[in-house]
Amino acid sequence: MTTETTSGNKGLQQAEPLIFETGHATGTGVDLPAPKGGKYEKLGGLGRKAALELPGLSEPETMRHFVRLSQKNYAIDLGLFPLGSCTMKHNPRLNERAARFEGFADLHPLQPISTVQGALELMDELAHWLMTLTGMPAVALSPKAGAHGEFCGMLAIKAALEARGEATTRRRVLVPSSAHGTNPATAAAAGFTVDEIPARDDGRVHLDDVKAKLGPDVAAIMITNPNTCGLFEPEIKNIADAVHEAGGYFYCDGANYNAIVGKVRPGDLGVDAMHINLHKTFSTPHGGGGPGAGPTVLSAALAPFAPVPHIVKKPTSRELREHAEGTQAFGRMCAFHGQMGMFTRALTYMMSHGSDGLRQVSEDAVLNANYLLARLKPHFNAPFGERPCMHEVLLDDSSIKPKGVETIDMAKALLDEGYHPFTTYFPLVVHGAMLIEPTETEPKRELDRFADVMIALAERVNAGEVEFFKQAPKLAPMRRLDDTRAARSPKLRWKPEANSAAKQAAE
Amino acid sequence: MTTRYTKDHEWVRLDGDVATVGISTYAAEQLGDVVYAELPAVGASFAQGADMAVVESAKTASDVYAPISGEVVDANAEIKGENWQIINDAPQGDGWFVKLKIANKAEFDALMDEAAYADYVKGL
Numbered sequence: 001m002t003t004e005t006t007s008g009n010k011g012l013q014q015a016e017p018l019i020f021e022t023g024h025a026t027g028t029g030v031d032l033p034a035p036k037g038g039k040y041e042k043l044g045g046l047g048r049k050a051a052l053e054l055p056g057l058s059e060p061e062t063m064r065h066f067v068r069l070s071q072k073n074y075a076i077d078l079g080l081f082p083l084g085s086c087t088m089k090h091n092p093r094l095n096e097r098a099a100r101f102e103g104f105a106d107l108h109p110l111q112p113i114s115t116v117q118g119a120l121e122l123m124d125e126l127a128h129w130l131m132t133l134t135g136m137p138a139v140a141l142s143p144k145a146g147a148h149g150e151f152c153g154m155l156a157i158k159a160a161l162e163a164r165g166e167a168t169t170r171r172r173v174l175v176p177s178s179a180h181g182t183n184p185a186t187a188a189a190a191g192f193t194v195d196e197i198p199a200r201d202d203g204r205v206h207l208d209d210v211k212a213k214l215g216p217d218v219a220a221i222m223i224t225n226p227n228t229c230g231l232f233e234p235e236i237k238n239i240a241d242a243v244h245e246a247g248g249y250f251y252c253d254g255a256n257y258n259a260i261v262g263k264v265r266p267g268d269l270g271v272d273a274m275h276i277n278l279h280k281t282f283s284t285p286h287g288g289g290g291p292g293a294g295p296t297v298l299s300a301a302l303a304p305f306a307p308v309p310h311i312v313k314k315p316t317s318r319e320l321r322e323h324a325e326g327t328q329a330f331g332r333m334c335a336f337h338g339q340m341g342m343f344t345r346a347l348t349y350m351m352s353h354g355s356d357g358l359r360q361v362s363e364d365a366v367l368n369a370n371y372l373l374a375r376l377k378p379h380f381n382a383p384f385g386e387r388p389c390m391h392e393v394l395l396d397d398s399s400i401k402p403k404g405v406e407t408i409d410m411a412k413a414l415l416d417e418g419y420h421p422f423t424t425y426f427p428l429v430v431h432g433a434m435l436i437e438p439t440e441t442e443p444k445r446e447l448d449r450f451a452d453v454m455i456a457l458a459e460r461v462n463a464g465e466v467e468f469f470k471q472a473p474k475l476a477p478m479r480r481l482d483d484t485r486a487a488r489s490p491k492l493r494w495k496p497e498a499n500s501a502a503k504q505a506a507e
Numbered sequence: 001m002t003t004r005y006t007k008d009h010e011w012v013r014l015d016g017d018v019a020t021v022g023i024s025t026y027a028a029e030q031l032g033d034v035v036y037a038e039l040p041a042v043g044a045s046f047a048q049g050a051d052m053a054v055v056e057s058a059k060t061a062s063d064v065y066a067p068i069s070g071e072v073v074d075a076n077a078e079i080k081g082e083n084w085q086i087i088n089d090a091p092q093g094d095g096w097f098v099k100l101k102i103a104n105k106a107e108f109d110a111l112m113d114e115a116a117y118a119d120y121v122k123g124l
C-alpha cells in the first residue's frame, strides 16, 4: 500500500511537475547587467510587449528538474529491458571510450578529406565487417535508422527497376501480415502499392502463399527473418528464388539480425537488400540513449544504385564520392555520411568481440530466449511454443483473458515489479501478444528473477486477483493512464491558461 | 433484412441495392476503444476486397475492406464528427461506416450468414 505524503514525493522518489509549472517569471540562472539607456531603445519599436512565458529557474532548480526526470527513466543500465523486437542489449563502455577519441568525436563533416583519413578508414572497416557478416557485396552506411534503411533499400530497388525499364509496370510489394508496421509504410512511401500475404496458423510465411501473389507487376517482397513471431523462416531461400524467378527483389528486414549473426549470411539466402540496426545488433545505444543507424547491405543486382557518398579507395588514401553524377547512385539519404558516433561504437563492438564472439552473442541471445520460453510456457500460452524460438519469446493472453486479465494488465503489473514491460499486442497476427526479448545481456540469475516475477503474476491471475491487475501500476510515478482519452483528445502542447498554479506564479 | 459477414469481420445489410457496411461486434471487441477512423468520400467506388476505411484503437490499426463492390452513397456523419465511441457502443447499429450502392448482388449472397459467421468466430 502506498501512503500519501504532503510533498507528493514517495520515499526518495521525487514528484516532479512540468518545468512550466515550477518556473516563475522572476527566476533566472544568470544575472546580466541592465542595458544602458533602457531595455528596448535600439530595437526600433520591436521590443517585447508581453511576458515571454519562459519558465524562470535558477541553476540548481534547473539541474534538479532534469536529474529528477532522468531518474524516472528506465534504462538498460538499470535492469532487464524485455521489449521484444527491439534488442535492448548492454552498451559496452568500451564503445563509449572509442567514440570519444577526439580524432573521431571532434571532426567536422566539411573539414578537408586529407585530415579525416582515420575516420574514413573506420567507416571502410565497418563496411567490410557488415559485408562479410552478411555475405553481401555493398553497403550504404548513411541511413540513420531502421526504417530509413528500409527506405534506402526500397529506393535502390526502385532505381534498379527504372534501369530495367520496369518502374511503371512493377508497382506491387508483397508484405506478410506479421511484418513490422514500417515495412508496408516504407513501401508506400517509396511509391509502391502494398499487397498483404495473410498469416497462417504456424506464424510462418509459406512459399505457396507467396507464389500465389507473384506476377509481372511485383517489384519486391519484404520479409523479416527471423520473423516477428520469433521464428526462423524455413522456406526463405525457396521464397527468394521464386521472387527472383518472377523478376522481383527480396528486401529482408534486419531488425532481428541479432539472432543469426555469424550463423547465417543473408546474402546466401538470396537477400537483395537488408538494413542492419547498429543500435540493436551492434550495441550502439537506443531507446532515448542516442541516434540510430541503419546501414543497408545490397546484393550485386542493387549495388550499382547505392546512394552516395561512396568511400573510394586510392593507392595511399581514401576519398568520399559525394555526387551521383557519372554513377547509377539513386541519390543520397541524408546530408553528409550518417552517424559517425554509431559507426565508431559498432566497429568497437565488433572488434572487441571478434567473429567468434559475435557468433556467441547470437547463440547466447537464442539460448536466453529459449530458457525463458521453457520457464514461462507452463504458465502462459505460447502460440508457437512447441518448437524452439529464436531470439524472442512470444506469449499471448489467451490463457489468462478468460480469468479477466489481459496483456495490458500484465504489462502494468510488471511496472510495479520494477520492469519495463515487454512489447504488447505485437505481432498483430497473434491476439493479445506479449513479445519478450531478453538478449544475450542477461545472466541466468536475471532471467530467473524475471521469470519468477512473471510466474508469480500468473499465479495471481489463477488466484482470481483481477482487481490487483486492474489497479496496476500502484507504485509507479503515475497510476494507470487513460490511453483511450489520450488518443481521442490529445493535449499536445502545454498551455498557460490550462494551469492555474502557473498562472498564479506568473502573476 | 439479413446481415452477412466477411472473414475480415465486416458486416453488410442489404436494402434494395443499397448496402450498409460496418465492422462486426466481434471486431469491435477485439479492437477495444476506437480512437480514430477514416471513412471514404461519398462517390468513391470500391471493388470487393479493396481497402475502404481505416479503424484505429489504442492497441492497433486495421484496414476495413469493401465487403462487396459498390459506390459510396453515404458515410456515417457521427463517425465523421469524431464520435468514435459509437463504433464501440453499436458496431452493428448506429456505428455503421458507409452505405454502398452495390453492383452485384451475387457477391452479397456468397458472404457468410449469421450462423456461419458465428461458427467462424468460434473457431478463431
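Read top to bottom, the protein sequences are chains L and R.
The opening position of the first sequence corresponds to residue 1 in my numbering, with each subsequent residue numbered one higher.
The opening position of the second sequence corresponds to residue 1 in my numbering, with each subsequent residue numbered one higher.
Think of the CB as a built atom: it goes at the ideal place given N, C-alpha and C, for glycine as much as any other residue.
- Residues of the same chain with a CB within less than 8 Å of the CB of residue 112/R, apart from the 5 flanking positions on each side, are 4, 5, 6, 7 and 120 in chain order.
- In the pairwise beta carbon analysis, the segment 276-285 of chain L is classified as not touching the segment 298-307 of chain L: fewer than three pairs are separated by under 8 Å.
- Neighbours of residue 202/L across chain R, judged by C-beta separation under 8 Å, do not exist; the nearest C-beta is about 16 Å away.
- Taking the C-beta atoms as reference points, residue 366/L is found nearer than 9 Å to residue 259/L.
- The DSSP-derived three-state label of residue 362/L is helix.
- Within the same chain, 197, 198 and 200 come within 8 Å of residue 209/L by CB-CB distance, once the 5 residues on both sides are set aside.
- When the Cα atoms are used, residue 345/L and residue 34/L turn out to be separated by approximately 47 Å.
- Inside the segment 447-476 of chain L, DSSP marks whole alpha helix (DSSP H) runs of 4 or more residues at positions 466-471, from first to last along the chain.
- Non-local beta-carbon contacts of residue 438/L in its own chain, meaning distances under 7 Å to residues more than five positions away in sequence, involve 80, 82, 368, 369, 372 and 447 in chain order.
- Sorting 318/L, 357/L and 475/L by C-alpha distance to the C-alpha of residue 113/L places 318/L at the top.
- Runs of the alpha helix (DSSP H) lying entirely within the segment 263-293 of chain L and spanning at least 4 residues, in chain order: 278-281.
- Here the alpha carbon of residue 275/L sits roughly 14 Å from the alpha carbon of residue 132/L.
- With a 10 Å radius around the Cβ and a threshold of 16 neighbouring Cβ atoms, residue 117/L comes out exposed.
- Going by beta carbons, residue 70/R and residue 45/R fall inside the 9 Å limit.
- Within chain L, the residues 483, 484 and 487 have their CB atoms less than 8 Å from the CB of residue 58/R, given in chain order.
- Cα atoms of residue 18/R and residue 103/R: separation of roughly 9 Å, rounded to the nearest angstrom.
- Less than 9 Å divides the Cβ of residue 293/L from the Cβ of residue 343/L.
- Contacts with chain R at 9 Å (Cβ-Cβ) do not include residue 180/L.
- Every unbroken stretch of the beta strand (DSSP E) spanning 3 or more residues and falling wholly within the segment 47-104 of chain R is given here in chain order: 51-57, 61-65, 70-75 and 98-102.
- Listed along chain R are 30 and 124, each with a C-beta nearer than 9 Å to that of residue 431/L.
- Exclusion of the five residues before and after residue 329/L leaves 305, 306, 307 and 308 as the residues of its chain whose Cβ lies within less than 7 Å of its Cβ.
- Under the Cβ criterion of 9 Å, residue 320/L is not counted among the residues facing chain R.
- When DSSP states are grouped into helix, strand and coil, residue 257/L belongs to the helix group.
- Residue range 407-416 is occupied by the alpha helix (DSSP H) that includes residue 408/L.
- Inter-segment contact for the segment 396-405 of chain L and the segment 416-436 of chain L is present: three or more beta-carbon pairs are separated by less than 8 Å.
- Interface residue (Cβ-Cβ distance to chain R less than 9 Å): residue 428/L is classified as such.
- Residue 83/L sits in a strand when the DSSP states are folded into three classes.
- Going by DSSP, residue 310/L is part of the beta strand (DSSP E) stretching over 310-313.
- Residue pairing from DSSP leaves residue 301/L without any beta-bridge partner.
- Close to residue 54/R, with beta-carbon spacing below 7 Å, lies no residue of chain L; the smallest spacing is near 13 Å.
- Taking all protein chains in view, the Cβ of residue 56/L is crowded by 16 or more other Cβ atoms within 10 Å, so the residue is classified as buried.
- Close to residue 35/R, with beta-carbon spacing below 7 Å, are these residues of chain L in chain order: 484, 487 and 488.
- At least 9 Å separates the beta-carbon of residue 125/L from that of residue 65/L.
- Distance check between residue 270/L and each of 20/L, 136/L and 86/L places 136/L closest, using alpha-carbon atoms only.
- Assigned with DSSP and collapsed to three states, residue 250/L falls in strand.
- With contacts defined as CB atoms closer than 9 Å, residue 25/R and residue 114/R fail to qualify as a contacting pair.
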